[in-house]
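Residue numbers (this note's numbering): 1 to 224.
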């Protein structure tokens, strides 16, 4: 089974996936976490240059805040969808829509204080427009398109059934797996259906602990 290591960088869970001769990183955390990232690598006895790819699930500041500094330290390539690349390459802070009252309040506050979340521009090396196998990075899995939280959100599906999904789902508070923010809430359900079609058994969100796909199945069954 492929090793997944959780790295919490600010408010966001980032994940290192170990391949046969190196690593890929999923998401790059909040602002100013580059030094913390390197410290964590030292603790894990991982050379930054052993990370060959950084996959960005979407372009919100808490997922790309430290992308520029981490890219410089690792010299890794960056992969994201064209839609998210337009945002990240411009250093554009986008505050998503709330899906409930709490999310709506946080979204309004985020827009007021968006100037605090400005991040350094980074352009993608790989633009993901369809399923992207990770064979060249010695990882048994693929990058897939899972829109809903944003138009260009993506996830990483490993062949063993584990999925790293960014903000397609969450686990804060416990059991409340529908994301607090989503530009296209109905597409969340469609992307959840895809997770089950791909045989996902365990979900690794960017916010909260990993959980069984059974929670998504229950939520979908209630909706139907």
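C-beta: ideal position from N, C-alpha, C; glycine also.
TODO: Check whether the Cβ atoms of residue 99 and residue 179 sit closer than 8 Å, and answer yes or no.
DONE: Looking up residue 99 in the chain shown gives position 99. Looking up residue 179 in the chain shown gives position 179. For residue 99 and residue 179, yes; Cβs fall inside 8 Å.
- [ ] Compute the beta-carbon to beta-carbon distance between residue 37 and residue 67, rounded to the nearest angstrom, for a pair I have assumed lies under 8 Å.
- [x] Residue numbering aside, residue 37 sits at position 37 when the chain shown is read from its first letter. Residue numbering aside, residue 67 sits at position 67 when the chain shown is read from its first letter. In this structure residue 37 does not touch residue 67 by the C-beta definition: roughly 10 Å separates them, more than the 8 Å allowed.
Task: Cα-Cα separation between residue 103 and residue 181, rounded to whole angstroms - done: The count along the chain shown starts at 1 and reaches residue 103 at position 103. The count along the chain shown starts at 1 and reaches residue 181 at position 181. Straight-line Cα distance between these residues: approximately 6 Å.
TODO: Grab me the residues of residue 123's own chain with a C-beta within less than 6 Å of its C-beta, minus the 5 sequence neighbours each way, in chain order.
DONE: Residue 123 sits at position 123 when you count from the first residue of the chain shown. Contacts found: 89.
- [ ] Taking only the alpha-carbon atoms, compute the straight-line gap between residue 25 and residue 222 and give it to the nearest angstrom.
- [x] Position 25 of the chain shown, counting from 1, holds the residue named residue 25. Position 222 of the chain shown, counting from 1, holds the residue named residue 222. C-alpha separation (whole angstroms): 34 Å.
Open item on the list: Assess contact between the stretch 102 to 121 and the stretch 180 to 199, defined as three or more Cβ pairs (one per stretch) separated by less than 8 Å. Is contact present?
Closed with: Contact between the stretch 102 to 121 and the stretch 180 to 199 is present, because at least three Cβ pairs lie under 8 Å.
- [ ] Could you check if residue 84 is buried or exposed, using at least 16 other CB atoms within 10 Å of its CB as the buried criterion?
- [x] For this step, residue 84 is matched to residue 84 along the chain shown. Answer is buried; the Cβ neighbour count reaches 16.
Open item on the list: Once the 5 residues before and after residue 131 are set aside, which same chain residues still bring their CB inside 6 Å of it?
Closed with: Locating residue 131 in the chain shown gives position 131, where the first residue counts as 1. The answer, listed in chain order, is 142, 144.
Open item on the list: Runs of 4 residues minimum, wholly inside the stretch 86 to 113: which ones carry the alpha helix (DSSP H) assignment?
Closed with: If you keep only unbroken alpha helix (DSSP H) runs of at least 4 residues inside the stretch 86 to 113, you get 101 to 112.
TODO: Could you name the residues of the same chain whose beta carbon sits closer than 6 Å to that of residue 157, not counting the 5 residues immediately before and after it, in chain order?
DONE: Residue numbering aside, residue 157 sits at position 157 when the chain shown is read from its first letter. Answer for residue 157: 141, 142, 144, 163, 198, listed in chain order.
Task: Reduced DSSP secondary structure (H/G/I, E/B, other) of residue 142 - done: As a first step, residue 142 is located in the chain shown; it is residue number 142 there, counting from the start. In the three-state scheme derived from DSSP, where H, G and I count as helix and E and B as strand, residue 142 is classed as strand.
Open item on the list: In chain order, what are the residue ranges of uninterrupted beta strand (DSSP E) at least 3 long that sit wholly in the stretch 120 to 175?
Closed with: List check, beta strand (DSSP E) in window: 141 to 145, 154 to 158, 162 to 166.
Task: Inter-residue CB distance, residue 213 and residue 196 (contact presumed, cutoff 8 Å) - done: Counting from 1 along the chain shown, the entry for residue 213 is found at position 213. Counting from 1 along the chain shown, the entry for residue 196 is found at position 196. Confirmed, about 7 Å.
- [ ] Answer yes or no: do residue 165 and residue 146 have a C-beta to C-beta separation smaller than 8 Å?
- [x] In the chain shown, the residue the question calls residue 165 occupies position 165. In the chain shown, the residue the question calls residue 146 occupies position 146. For residue 165 and residue 146, yes; Cβs fall inside 8 Å.
TODO: Spell out the partners DSSP gives residue 203 in its beta bridges.
DONE: In the chain shown, the residue the question calls residue 203 occupies position 203. The partner list for residue 203 (beta bridge, DSSP) reads 163, 211.
Task: For residue 74, the three-state DSSP class (helix, strand or coil) - done: For this step, residue 74 is matched to residue 74 along the chain shown. Looking at residue 74 - three-state DSSP - the assignment turns out to be helix.
TODO: Along the beta strand (DSSP E) that carries residue 26, what are the first and last residues, could you check?
DONE: If you number the chain shown from 1, residue 26 lands on position 26. Here the beta strand (DSSP E) through residue 26 covers 23 to 26.
- [ ] Could you round the C-beta distance between residue 12 and residue 63 to whole angstroms and report it? I think they count as a contact, below 8 Å.
- [x] In the chain shown, the residue the question calls residue 12 occupies position 12. In the chain shown, the residue the question calls residue 63 occupies position 63. The beta-carbon distance between residue 12 and residue 63, rounded to whole angstroms, is 6 Å. This is short enough to meet the 8 Å contact definition.
Task: Distance between residue 120 and residue 78 (C-alpha atoms, nearest Å) - done: Position 78 of the chain shown, counting from 1, holds the residue named residue 78. Position 120 of the chain shown, counting from 1, holds the residue named residue 120. Between residue 78 and residue 120, the alpha-carbon positions lie close to 14 Å from each other.
TODO: May I ask you to list the residues that DSSP assigns as paired with residue 15?
DONE: Indexing the chain shown from 1 puts residue 15 at position 15. Partner(s): 6, 26.
Open item on the list: Just list the residues that DSSP pairs residue 181 with in beta bridges.
Closed with: Within the chain shown, numbered from 1, the residue matching residue 181 stands at position 181. Residue 181 pairs with 98.
Open item on the list: Tell me the rounded alpha-carbon separation between residue 188 and residue 97.
Closed with: What you label residue 188 is simply residue 188 of the chain shown in a count that begins at 1. What you label residue 97 is simply residue 97 of the chain shown in a count that begins at 1. One C-alpha to the other measures close to 13 Å.
Open item on the list: Taking its Cβ as the centre, do 16 or more other Cβ atoms sit within 10 Å of residue 108, making it buried, or is it exposed?
Closed with: In the chain shown, the residue the question calls residue 108 occupies position 108. So residue 108 ends up on the exposed side.
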